[in-house]
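Have a look at the structure below, then the notes.
2 protein chains.
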Amino acid sequence: MTQITSRADCQALDQQDALTSLRDDFILPDGVIYLDGNSLGARPKASLQRAQEVITQEWGTDLITSWNKAGWFELPSSLGNQLAPLVGAEVNEVVVTDSTSINLFKAIAAGLQIQAKDAKRKTIITERSNFPTDIYMAEGITKWLDRGYQIVLIDTPEELPDVINDQTALVMLTHVNYRTGYLHDMAAVTTLIHQHGALALWDLAHSAGALPVHLNAANADFAVGCTYKYLNGGPGAPAFIWVPQRHQAVFNHPLSGWWGHESPFAMAPGFTPTPGIRRALCGTQPIVSLALVGCGLDVFGKTDMQAIRKKSLALTDLFIQLVEQRCASHPLELVTPRDHHQRGSQASFKHPHAYAVIQALITRGVIGDYREPAIMRFGFTPLYVRYVDVWDAVETLRDVLDKQDYDTNLQRNAVT
Amino acid sequence: MTQITSRADCQALDQQDALTSLRDDFILPDGVIYLDGNSLGARPKASLQRAQEVITQEWGTDLITSWNKAGWFELPSSLGNQLAPLVGAEVNEVVVTDSTSINLFKAIAAGLQIQAKDAKRKTIITERSNFPTDIYMAEGITKWLDRGYQIVLIDTPEELPDVINDQTALVMLTHVNYRTGYLHDMAAVTTLIHQHGALALWDLAHSAGALPVHLNAANADFAVGCTYKYLNGGPGAPAFIWVPQRHQAVFNHPLSGWWGHESPFAMAPGFTPTPGIRRALCGTQPIVSLALVGCGLDVFGKTDMQAIRKKSLALTDLFIQLVEQRCASHPLELVTPRDHHQRGSQASFKHPHAYAVIQALITRGVIGDYREPAIMRFGFTPLYVRYVDVWDAVETLRDVLDKQDYDTNLQRNAVT
Numbered sequence: 001m002t003q004i005t006s007r008a009d010c011q012a013l014d015q016q017d018a019l020t021s022l023r024d025d026f027i028l029p030d031g032v033i034y035l036d037g038n039s040l041g042a043r044p045k046a047s048l049q050r051a052q053e054v055i056t057q058e059w060g061t062d063l064i065t066s067w068n069k070a071g072w073f074e075l076p077s078s079l080g081n082q083l084a085p086l087v088g089a090e091v092n093e094v095v096v097t098d099s100t101s102i103n104l105f106k107a108i109a110a111g112l113q114i115q116a117k118d119a120k121r122k123t124i125i126t127e128r129s130n131f132p133t134d135i136y137m138a139e140g141i142t143k144w145l146d147r148g149y150q151i152v153l154i155d156t157p158e159e160l161p162d163v164i165n166d167q168t169a170l171v172m173l174t175h176v177n178y179r180t181g182y183l184h185d186m187a188a189v190t191t192l193i194h195q196h197g198a199l200a201l202w203d204l205a206h207s208a209g210a211l212p213v214h215l216n217a218a219n220a221d222f223a224v225g226c227t228y229k230y231l232n233g234g235p236g237a238p239a240f241i242w243v244p245q246r247h248q249a250v251f252n253h254p255l256s257g258w259w260g261h262e263s264p265f266a267m268a269p270g271f272t273p274t275p276g277i278r279r280a281l282c283g284t285q286p287i288v289s290l291a292l293v294g295c296g297l298d299v300f301g302k303t304d305m306q307a308i309r310k311k312s313l314a315l316t317d318l319f320i321q322l323v324e325q326r327c328a329s330h331p332l333e334l335v336t337p338r339d340h341h342q343r344g345s346q347a348s349f350k351h352p353h354a355y356a357v358i359q360a361l362i363t364r365g366v367i368g369d370y371r372e373p374a375i376m377r378f379g380f381t382p383l384y385v386r387y388v389d390v391w392d393a394v395e396t397l398r399d400v401l402d403k404q405d406y407d408t409n410l411q412r413n414a415v416t
Numbered sequence: 417m418t419q420i421t422s423r424a425d426c427q428a429l430d431q432q433d434a435l436t437s438l439r440d441d442f443i444l445p446d447g448v449i450y451l452d453g454n455s456l457g458a459r460p461k462a463s464l465q466r467a468q469e470v471i472t473q474e475w476g477t478d479l480i481t482s483w484n485k486a487g488w489f490e491l492p493s494s495l496g497n498q499l500a501p502l503v504g505a506e507v508n509e510v511v512v513t514d515s516t517s518i519n520l521f522k523a524i525a526a527g528l529q530i531q532a533k534d535a536k537r538k539t540i541i542t543e544r545s546n547f548p549t550d551i552y553m554a555e556g557i558t559k560w561l562d563r564g565y566q567i568v569l570i571d572t573p574e575e576l577p578d579v580i581n582d583q584t585a586l587v588m589l590t591h592v593n594y595r596t597g598y599l600h601d602m603a604a605v606t607t608l609i610h611q612h613g614a615l616a617l618w619d620l621a622h623s624a625g626a627l628p629v630h631l632n633a634a635n636a637d638f639a640v641g642c643t644y645k646y647l648n649g650g651p652g653a654p655a656f657i658w659v660p661q662r663h664q665a666v667f668n669h670p671l672s673g674w675w676g677h678e679s680p681f682a683m684a685p686g687f688t689p690t691p692g693i694r695r696a697l698c699g700t701q702p703i704v705s706l707a708l709v710g711c712g713l714d715v716f717g718k719t720d721m722q723a724i725r726k727k728s729l730a731l732t733d734l735f736i737q738l739v740e741q742r743c744a745s746h747p748l749e750l751v752t753p754r755d756h757h758q759r760g761s762q763a764s765f766k767h768p769h770a771y772a773v774i775q776a777l778i779t780r781g782v783i784g785d786y787r788e789p790a791i792m793r794f795g796f797t798p799l800y801v802r803y804v805d806v807w808d809a810v811e812t813l814r815d816v817l818d819k820q821d822y823d824t825n826l827q828r829n830a831v832t
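In order, the protein sequences belong to chains B and G.
Those letters in the first sequence? Residues 1 to 416, by this note's numbering.
Those letters in the second sequence? Residues 417 to 832, by this note's numbering.
Here it is as structure tokens:
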């Protein structure tokens, strides 16, 4: 990247940027620099009209006929198919449904059942720094089954080769760490996992829509992900689950609700899972929230993940460079890898007063977020974050730090 | 009820009806008589503005601050507290979350765990005619646990006293049968269940919002229910789960996601359930769909369940009376109990060409639905169904039957 030394340089980059026009597909509040799309993606403009259509026409006027006529019943699959290419999945391998936690439960359960033929495979390996709900769901199912399964927590990715062995049933990793932004090499790690006969379950919460993901190329076994972060599907929008064709026939899980039945409307008292990806469904889905996921995905249809990745790395490179140059006198420590191959679409810095500084930034309209311990997290969504936003965010940070314009007495009371 | 012999009589009843004005709180398409609110409740007028507010202000403008500022994180509990009085629950005993199927799973799992101290309690009793997903979820968990649990299906409610015994862990019943409209005596059945040391799990899908439910007075153990039928929460809106105070400390289930953790934002790697009802939560909820549940509940705040029940029985009485009088020459067989104490808010009739007749009615704007085998199902939501609608629906049915204006070659292809 050419050395950037002024706001004008950033403006020039925005003018040349192929993704610039996509910012118009989103609504962002005036005076806000939004670097928290990795927590809640910004609102696609189309979402309001889509909600109005679902509520007035589909629900209000067409009522129950919309289950067929408006494709409500097919939404988990149709949205799944729209999402599939963003994560390197094939048609009929993804459904949008339930929450990430629930989908993790299905995938962990199915994975343990597949591995049950080998009685010594009793461990699930994951990272202590994984998003907590991933660990909690593994804890829930292993405790429940009460068959001697154990969760092994590793502290760094480098420990995996030493810890994985012929007793490993499942390795469950989040592709990009929510705190540090560390990006796993999915293909290499999956190969290692398979060399030991274990299964690879990937959580794409911080990678789907942020960078190219190649689930099938990596020969991954299962994946889940979130639609309300980089995919801009709306607050708490239903999550997704990926099961490759090769595992679908043996993908069984205890959340065997009627939407996963082979003939859900026969109303038969015994459960027979439907062939294919819809066996990952359970119960009726929240249609309004689900439909809005399509508005986020539509924007991705106007570009490709390579272009998004290129800009994402340029934005995070620039942010890191400017913070280190312009805030050099302050005790900021980069916790996100500098190596592009190990970086998601965020940059996180430690600071002794991280929480207070983040609150001061938010007050000034620069929205990042705080994560324990002492981490300021800034997410970069190339669809709507500009180079000039990077400049302005760093200048605001510099000003807050230079003037010590933050309140170290603030008590953390945030839900973000 | 005074004998009703004309449309004018029905109009007179509507004029005297205390609930008449509440119809204005809903949007119903012109020319439609909607007798399918037990499948998908009609749209409350307020829902459009509420969705606009959530989408534009809360999501679009306030972004992640809405988790606190707009109360998103508290929505499952705040809506649960609003819903609680409709089902005879106390404050902090209900959360609106996930799907009915998922909530059944939590309740079945928790119930089995509570009963596990008595090793001989290995059966779950339910009805063969229960809504299939209830049975599927029980099947999923028992098969998965693989500890000798068995599901015992009874064919009539009268079998329960003979089948229940000291090996029964759990009795799982739907308060009002989705097909026949049969209403269980919750208090009496729960007492019987408790006499045998079993736990009573009630599915309120077809009773919450349709008639007064007295969970605490009946001393029930757990309940789940649907918000998108009689509660008019919107298509597929999140369901609810009730756990009484007395069971909350021992309510443990394997879907231990971060929203059920005692300090979800501490991001600790070990799961400790929060005290109280929020331990029934799992993952992040679909906020737009969830928020709309409030619009349905707000209408209930303008009346009470006694008034609703009174009108519900009057409507179903009238419908049954008129069908039997005015369609007497046709082979219609009432499958809904005549006894008020055994009837929900629907009337179902068998007819040899039920599917074809229902389709003909729908074509003429009278929306009921078909249920296997050969059942025409008509649901009556007193908040927006009028006496005159009953008259017109029966007249339309009579005309369709008299003229045989239905196509018996129609193949069933409906998702309702």
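For each residue, glycine too, the CB sits at the ideal point set by N, CA and C.
Which residues in the same chain have their Cβ closer than 8 angstroms to the Cβ of residue i, if we skip the five residues on either side of it in sequence?
i: G:Y389; result: Here chain G has residues from 417 to 832 only, and residue 389 of chain G is not among them.
i: G:I570; result: I541, T542, E543, R544, L576, V579
When the cut-off is 8 angstroms and only beta carbons count, does residue i lie next to chain G?
i: B:E159; result: no
i: B:W258; result: yes
i: B:T416; result: At B:T416, the pLDDT of 46 sits below 50, so the modelled position is not reliable; the number obtained from the coordinates is stated separately. So yes, B:T416 belongs to the interface.
i: B:P275; result: no
i: B:L231; result: no
i: B:Y384; result: no
i: B:F105; result: yes
i: B:F349; result: no
i: B:I359; result: Here residue 359 of chain B is Gln; the residue named in the question, Ile, does not match the sequence. False, the Cβ-Cβ gap to chain G never drops below 8 angstroms.
i: B:W242; result: no
i: B:D407; result: no
i: B:G379; result: no
i: B:C282; result: yes
Check whether the Cβ atoms of residue i and residue j lie closer than 8 angstroms to each other.
i: G:L731; j: G:V801; result: yes
i: G:Q427; j: G:V804; result: yes
i: B:L199; j: B:Q321; result: no
i: G:T812; j: G:C642; result: no
i: B:F240; j: B:V96; result: yes
i: G:I724; j: G:S764; result: no
i: G:L631; j: G:V507; result: no
i: B:V224; j: B:H175; result: no
i: G:I567; j: G:I580; result: no
i: B:A169; j: B:G111; result: yes
i: G:G457; j: G:N593; result: no
So, for residue i: in the same chain, excluding its five sequence neighbours on each side, which residues have a beta-carbon less than 6 angstroms away from its beta-carbon?
i: B:S256; result: F271
i: G:V782; result: I449, A809, T812
Flag residue i as yes if its beta-carbon sits less than 8 angstroms from any beta-carbon of chain B, otherwise no.
i: G:Q531; result: no
i: G:P702; result: yes
i: G:Y598; result: no
i: G:T472; result: yes
DSSP has residue i in a bridge; who is on the other side?
i: B:A307; result: Beta-bridge pairing links B:A307 to no other residue.
i: B:D417; result: Lying outside 1 to 416, the shown extent of chain B, residue 417 of chain B is not represented and no answer is given.
i: G:E749; result: G:K766
So, for residue i: in the same chain, excluding its five sequence neighbours on each side, which residues have a beta-carbon less than 7 angstroms away from its beta-carbon?
i: B:T416; result: Note that B:T416 scores 46 on pLDDT, short of 50, meaning its location in the model is unreliable and no value can be drawn from it.
i: G:D514; result: P654, A655, C698
i: G:H600; result: P573, L589, H591
Within 8 angstroms of any Cβ in chain C, is that where the Cβ of residue i sits?
i: G:M588; result: The structure shown contains no chain C; its protein chains are B and G.
Three or more C-beta pairs below 8 angstroms linking the region 633-646 of chain G and the region 660-675 of chain G: yes
The region 743-750 of chain G contacting the region 781-788 of chain G, beta-carbon criterion three pairs below 8 angstroms: Too few Cβ pairs lie closer than 8 angstroms, so no.
Given 8 angstroms, three or more beta-carbon pairs between the region 262-282 of chain B and the region 677-685 of chain G: no
At least three beta-carbon pairs within less than 8 angstroms, the region 694-712 of chain G to the region 454-471 of chain G: yes
Three-pair Cβ contact test at 8 angstroms for the region 135-147 of chain B versus the region 73-86 of chain B: Between the region 135-147 of chain B and the region 73-86 of chain B, the count of C-beta pairs closer than 8 angstroms stays below three; the two stretches do not touch.
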